[in-house]
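In the UniProt record's numbering, the protein residues as written are 1 to 264.
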């Protein structure tokens, strides 16, 4: 009886052990990920040449480990940092990076950095970004950055894209989130206000000129009309208008009666 109990107990322990071993000796690589098998000990310590694709991977947890690298596009919003321009002005950069691991490059990336993708993203890639901005900012003064903003950011994105490509990544998009120093922001706002005021004055001047031209045209038209009326008021016209409005009575002018008074 005791032997039977011992046998059952041993079988249970063995079953539990095998279940734990079964669970711990395999890893499922989901879609959108690449799995890599890493040798932890021995002369073969390193990354095998074969990238493990999606599916279930069997390994020895005592001497091997499996890492998963996502191959879909990831977008990371990094913490802002400051950087100096060539003339010493301090700019704030709040970068956002969208990237992905190039298909089949997970083993190469892990072999170089010995980190998982989360740690690489938070440390290594962030350092790359800061270095890229520092190098480019050192080439520009504050004025040249403002006047060449598009070229400045394009250069950073190009350099960053080339670097990530060499490291096994693909750059999808990067935004800088650059903020100018407070003094520069105030100067820009003042300049914009001055430009707007100048445009307002110019518009008001144009309106005033238009109104003046309108008055001149009206005055010239009125003068021309008066001149035409003056030329048309001859004696015959006046007499005709008199006849049209005459009530049949003899008009008297001065001391002597006359039918028509001379208007010459």
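The beta carbon of each residue, even a glycine, is placed where N, CA and C say it ideally should be.
Counting the other CB atoms within 10 Å of its CB gives residue 201 a total below 16, which places it among the exposed residues.
Around the beta carbon of residue 71, 16 or more other beta carbons sit within 10 angstroms, so the residue counts as buried. Comparing alpha carbon positions, the residue from 81, 75, 111 closest to residue 96 is 75. DSSP, reduced to helix, strand and coil, places residue 70 within a strand of the structure shown.
Judged by their CB atoms, residue 172 and residue 73 are nearer to each other than the 8 Å cut-off. Residue 180 and residue 131 have their C-alpha atoms some 19 Å from each other. Take residue 120, set aside five residues on each side of it, and the residues of its chain with a beta-carbon closer than 8 Å to its own are 109, 113, in chain order. Partner residues in the beta bridge of residue 37, as assigned by DSSP, are 66. Out of 190, 152, 198, the CA that lies nearest to the CA of residue 176 is found in 152.
Contact annotation: residue 208 and residue 140 have beta-carbon atoms that are not nearer than 8 Å. Of 191, 222, 58, 66, the smallest CA-CA separation from residue 116 is found for 66.
The alpha carbon of residue 61 has as its nearest neighbour, out of 155, 92, 27, the alpha carbon of 27.
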